[in-house]
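In this note's numbering, the protein residues as written are -12 to 343.
Remarks on the structure that follows.
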């Protein structure tokens, strides 16, 4: 989507209900039924089951970095405090770390994430607002590497490597984590990944074919539970990477969700989950598709930036049970000390096994 029309602008224009939150339904249809009333529950989510581990997810922190730094800090402090109680194995940031790619906003992000250094390992990917002056994504310049340099990660036992053509940049990286007795791969890709980045990503996943794989990238799935698909929808599907200046500046060398599905995710027999942010409309959606091996791959969108105070501290907790196939999802706000029991915020996923 051209930067001239912001997500907040679009939300204002849709006040009549065209973009009202909607409930989850399996499939790829363009619309969803109205979501049932939000169900907030006071306190923290239930304790995890014995032998489980937790993956914490931080979607779109951009408005915290612009105006509400306390929200970001509350999130990371809670994660650090609850590392042992919830066996937090890693933290995954889904991009739009900042809103305007300014030093001041990156300093807020660096301070918040520093709370996790030496406590819980984490992965970050850049979103469109992390690129170019003003966060306009007209090219691939970003301050990400100034504030989160490779040297900060290279000696960590979970760090696997970065894009082979850019070894000293963190926009594209992979990491190897272990929770309980389960090892898994996390692949983090830039906003609208370039064709050669996808080549590298395929090589990384193929080299770890025996491990369950999770893909995080900023723009993959839309709020109507379809993947971003420029070839099918064009600009009708707002905020597709192909609609940004970076696409025009690179001769279209960007990939959207459908291109990532066809060119990466479906080709391997070990992806179990994708995670992305980027989309407003309270940014909640889920889709399950069969890969070429006939396995279910769950694809999820989560983004809370349009809530009050830049997101009210909401984050996602993925509890992975010791059976190796069950993931229990809760959305929780340490700022409000509430979790949301609505169908889009509290659900279970059955993760497909990976062939030996």
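Cβ coordinates follow ideal geometry from the N, Cα and C atoms, glycine included.
For clarity, every value in this text was computed on a predicted model and none was experimentally measured.
TODO: Select from 318, 76, 189 and 217 the residue whose C-alpha is nearest the C-alpha of residue 164.
DONE: If we check each option's Cα against that of residue 164, 76 comes out closest.
- [ ] Could you tell me which residues DSSP puts in a beta bridge with residue 227?
- [x] According to DSSP, residue pairing for residue 227 in a beta bridge does not occur.
Open item on the list: Once the 5 residues before and after residue 146 are set aside, which same chain residues still bring their CB inside 7 Å of it?
Closed with: So the qualifying residues of the chain are 140 and 162.
Open item on the list: Pairs of beta-carbons, one from the region 76 to 87 and one from the region 197 to 212, closer than 8 Å: are there three or more?
Closed with: Verdict: yes, contact present.
Open item on the list: Taking a contact to mean a Cβ-Cβ separation below 8 Å, would you say residue 113 touches residue 64 in this structure?
Closed with: At least 8 Å separates the beta-carbon of residue 113 from that of residue 64.
TODO: Report the residue from 334, 329, 336 and 341 whose alpha carbon sits nearest the alpha carbon of residue 26.
DONE: The shortest C-alpha separation from residue 26 is found at 329.
Open item on the list: Applying the 10 Å Cβ sphere with the 16-neighbour rule, what's the burial state of residue 251?
Closed with: Within 10 angstroms of the beta-carbon of residue 251 lie 16 or more other beta-carbons, which makes it buried.
Open item on the list: Beta-carbon within less than 7 Å of residue 119's beta-carbon, same chain only, minus the 5 sequence neighbours each way: which residues are those?
Closed with: In the same chain as residue 119, and ignoring 5 residues on each side of it, the C-beta atoms closer than 7 Å to its own belong to 88, 125, 126 and 128, in chain order.
Open item on the list: Please identify the residue among 313, 255 and 143 whose C-alpha is closest to the C-alpha of residue 335.
Closed with: Per the Cα distances, 313.
Open item on the list: In this structure, how does DSSP classify residue 72 when only helix, strand and coil are distinguished?
Closed with: Of the three classes helix, strand and coil, the one that applies to residue 72 here is coil, per DSSP.
TODO: Please classify residue 50: does DSSP put it in a helix, a strand, or coil?
DONE: Note: residue 50 maps to helix in three-state DSSP.
TODO: Check residue 293 in the structure and name its three-state DSSP category.
DONE: Note: residue 293 maps to coil in three-state DSSP.
TODO: Rounded to whole angstroms, what's the CA-CA distance from residue 36 to residue 45? Just pull it up for me.
DONE: Between residue 36 and residue 45, the C-alpha separation is close to 22 Å.
TODO: Decide if residue 86 is buried, meaning its Cβ has at least 16 other Cβ atoms within 10 Å, or exposed.
DONE: Its Cβ being crowded by 16 or more others within 10 Å, residue 86 is buried.
Task: Neighbour-count burial assignment, residue 423, 16 or more Cβ in a 10 Å radius - done: Residue numbering for the chain in the displayed model covers -12 to 343; residue 423 lies beyond these limits and cannot be assessed.
- [ ] Could you pull out every residue in the same chain whose Cβ sits closer than 6 Å to the Cβ of residue 342, ignoring the five residues on either side in sequence?
- [x] For residue 342, same chain residues with a beta-carbon under 6 Å away, outside a window of 5 residues either side, are 256 in chain order.
Open item on the list: Can you look up residue 263 in the DSSP assignment and give me helix, strand or coil?
Closed with: It is a strand residue.
Task: Option nearest residue 169 by Cα separation, candidates 332, 310 and 193 - done: Scanning 332, 310 and 193 for the CA closest to the CA of residue 169 turns up 310.
Open item on the list: For the structure I just gave you, are there three or more beta carbon pairs, one from the region 278 to 298 and one from the region 43 to 63, closer than 8 Å?
Closed with: Yes, the region 278 to 298 is in contact with the region 43 to 63.
TODO: Give the secondary structure of residue 272 by DSSP, where H, G and I count as helix, E and B as strand, and everything else as coil.
DONE: Correct three-state label for residue 272: strand.
Open item on the list: Pop quiz: residue 266 and residue 209 are said to be a contact at Cβ under 8 Å. What is the actual Cβ separation, rounded to whole angstroms?
Closed with: With a Cβ gap of about 6 Å, residue 266 and residue 209 count as contacting.
Task: 7 Å CB neighbourhood of residue 323 in its chain, flanking five on each side removed - done: Within the same chain, and ignoring the five residues on either side of residue 323 in sequence, the residues whose Cβ sits closer than 7 Å to its Cβ are 299 and 300.
- [ ] Tell me residue 165's beta-bridge partners as DSSP assigns them.
- [x] For residue 165, DSSP records a beta bridge to 170.
Task: Counted within 10 angstroms of its Cβ, other Cβ atoms place residue 130 as buried (16 or more) or exposed - done: Counting of Cβ neighbours within 10 angstroms places residue 130 among the buried residues, the total reaching 16 or more.
Task: Simplified DSSP state of residue 348, which is helix, strand or coil - done: With the chain represented from -12 up to 343, any question about residue 348 goes unanswered, as that position is not in the structure.
- [ ] Look at the alpha carbon of residue 177 and the alpha carbon of residue 54, and state the distance between them as a whole number of angstroms.
- [x] In this structure, the CA atom of residue 177 is about 25 Å from the CA atom of residue 54.
TODO: Check the C-beta distance from residue 160 over to residue 110 and give it rounded, since I have them as a contact under 8 Å.
DONE: Indeed they touch by this definition, with Cβ atoms about 7 Å apart.
Open item on the list: Under 8 Å: do the region 92 to 106 and the region 66 to 74 share three or more Cβ pairs, one atom per stretch?
Closed with: Counting Cβ pairs under 8 Å, three or more are found: they touch.
TODO: Go ahead and pull the three-state DSSP assignment for residue 127.
DONE: It is coil, neither helix nor strand.
Task: Whole runs of the beta strand (DSSP E) within the region 179 to 249, excluding any shorter than 3 residues - done: Counting whole runs of 3 or more residues, the region 179 to 249 contains the beta strand (DSSP E) stretches 200 to 204.
TODO: Answer with buried or exposed for residue 121, where buried requires no fewer than 16 other C-beta atoms within 10 angstroms of its C-beta.
DONE: Around the beta carbon of residue 121, fewer than 16 other beta carbons sit within 10 angstroms, so the residue counts as exposed.
- [ ] Give a yes or no on whether the C-beta atoms belonging to residue 254 and residue 279 are separated by under 8 Å.
- [x] Yes, Cβ-Cβ distance for residue 254 and residue 279 is below 8 Å.
Open item on the list: Is it the case that the region 219 to 236 contacts the region 182 to 191, given that we only count it when at least three CB pairs across the two stretches are under 8 Å?
Closed with: Contact between the region 182 to 191 and the region 219 to 236 is not established, with fewer than three Cβ pairs separated by less than 8 Å.
Open item on the list: Measuring alpha carbon to alpha carbon, tell me which residue in 116, 51, 260 and 320 is nearest residue 276.
Closed with: Measuring from the Cα of residue 276, the nearest candidate turns out to be 260.
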